[in-house]
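Trainee: Structure provided below as structure tokens; questions to follow.
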Amino acid sequence: MTSKIFVYPLGAGQDVGRSCILVQIADKRIILDCGLHMGHNDQKKFPDFPKLQKKYGNRPMNEVVDLCLISHFHLDHIGALPYLTETMKYTNPVVMTTPTKALLPYMLEDYSKVIIETNKDSEDKKTYLAYTDEQIKSCVEKITTINLHENLERSEEHT
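See the structure below:
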């Protein structure tokens, strides 16, 4: 029996930035990367999660996505991860390599500092989006690491 594979870009479909692709195989949905677009200072900075939720009946992200798999630590691949875990309240598995997890908090903290400094004199403080140190820490605590050539078996908790 063959399963249909469905691919749905949530960002980066035709440009660089906010890399995030949903892949559905049978009844399992996986997000590949969760990046942000450095050229935007509003919600367009993030993958289009509200559109994804609407596509699946406005359900919470935990009911829409089974796994988030991160390829590497560049901001256009990891920059929206705190948005997914802390704002969208996604708590299903987030998996990446140990080096990517090690560099992720430094990349996100640096990004936040640059955004805050760049916009410190902005009249509209809502035009930029940065993360708090607490949001970054909470996001990092939710990550599972995997080594190259390693297999992870799904736990009963997330089946």
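Its first residue numbered 4, the sequence shown is counted upward by one per residue in my numbering. Idealized CB from N, CA, C, for every residue including glycine.
Taking the C-alpha atoms as reference points, what is the distance between Met41 and Thr94?
Mentor: As a working mapping, residue 41 is identified with position 38 in the sequence shown. As a working mapping, residue 94 is identified with position 91 in the sequence shown. If you take the alpha carbons of Met41 and Thr94, they lie about 25 Å apart.
Trainee: So, with DSSP's three-state summary, where would you put Met99?
Mentor: By 1-based counting over the sequence shown, the position of residue 99 is 96. Of the three classes helix, strand and coil, the one that applies to Met99 here is strand, per DSSP.
Trainee: In the DSSP assignment, find the unbroken alpha helix (DSSP H) run with Lys140 in it and report its ends.
Mentor: Looking up residue 140 in the sequence shown gives position 137. Unbroken alpha helix (DSSP H) run through Lys140: Asp136 to Glu144.
Trainee: Check whether the stretch 107-115 touches the stretch 25-34, taking contact to mean three or more Cβ pairs, one atom from each stretch, closer than 8 Å.
Mentor: Because the criterion of three Cβ pairs below 8 Å is not met, the stretch 107-115 and the stretch 25-34 do not touch.
Trainee: In angstroms, rounded to a whole number, what distance separates the CA positions of Ser74 and Glu137?
Mentor: By 1-based counting over the sequence shown, the position of residue 74 is 71. By 1-based counting over the sequence shown, the position of residue 137 is 134. Taking the straight line joining both Cα atoms gives about 24 Å.
Trainee: Check this for me: beta carbons of Pro102 and Cys71, under 9 Å apart or not?
Mentor: By one-based count along the sequence shown, residue 102 stands at place 99. By one-based count along the sequence shown, residue 71 stands at place 68. Against a cut-off of 9 Å, the Cβ pair of Cys71 and Pro102 comes out as no contact.
Trainee: Leaving out five residues on either side along the sequence, give the residues of the same chain with a beta carbon under 8 Å from the beta carbon of Lys92.
Mentor: As a first step, residue 92 is located in the sequence shown; it is residue number 89 there, counting from the start. Contacts found: Pro63, Met64 and Asn65.
Trainee: Could you tell me the distance, in whole angstroms, from the CA atom of Asn44 to the CA atom of Ile8?
Mentor: Your numbering for residue 44 matches position 41 in the sequence shown. Your numbering for residue 8 matches position 5 in the sequence shown. Distance between the alpha carbons of Asn44 and Ile8: 33 Å.
Trainee: Can you give the beta carbon distance from His80 to Gly38, rounded, assuming they're within the 8 Å contact cut?
Mentor: Within the sequence shown, residue 80 is the residue found at index 77, counting from 1. Within the sequence shown, residue 38 is the residue found at index 35, counting from 1. The pair is a contact, with the Cβ atoms about 4 Å apart (cut-off 8 Å).
Trainee: So who's on the other strand from Lys227, going by DSSP bridges?
Mentor: Here the chain has residues from 4 to 162 only, and residue 227 is not among them.
Trainee: What residue range does the alpha helix (DSSP H) around Ile81 cover?
Mentor: Counted from its first residue, the sequence shown places residue 81 at position 78. Its alpha helix (DSSP H) spans residues Leu78 to Ile81.
Trainee: Kindly indicate which residue of Thr100, Arg21, Pro53 and Asp69 has the alpha-carbon position closest to the one of Ile149.
Mentor: Translated into the one-based positions of the sequence shown, residue 149 becomes position 146. The residue with the shortest Cα to Cα distance from Ile149 is Thr100.
Trainee: Could you have a look at Thr88 and say whether DSSP puts it in helix, strand or coil?
Mentor: In the sequence shown, counting from the first residue as 1, residue 88 sits at position 85. Correct three-state label for Thr88: helix.
Trainee: So, with DSSP's three-state summary, where would you put Ile118?
Mentor: As a first step, residue 118 must be located in the sequence shown, where it is residue number 115. Helix, per DSSP.
Trainee: Whose C-beta lies closer than 6 Å to the C-beta of Leu107 among residues of the same chain, with five residues either side of it excluded?
Mentor: The residue given as residue 107 occupies position 104 in the sequence shown. Hits under 6 Å: Phe76 and Ile81.
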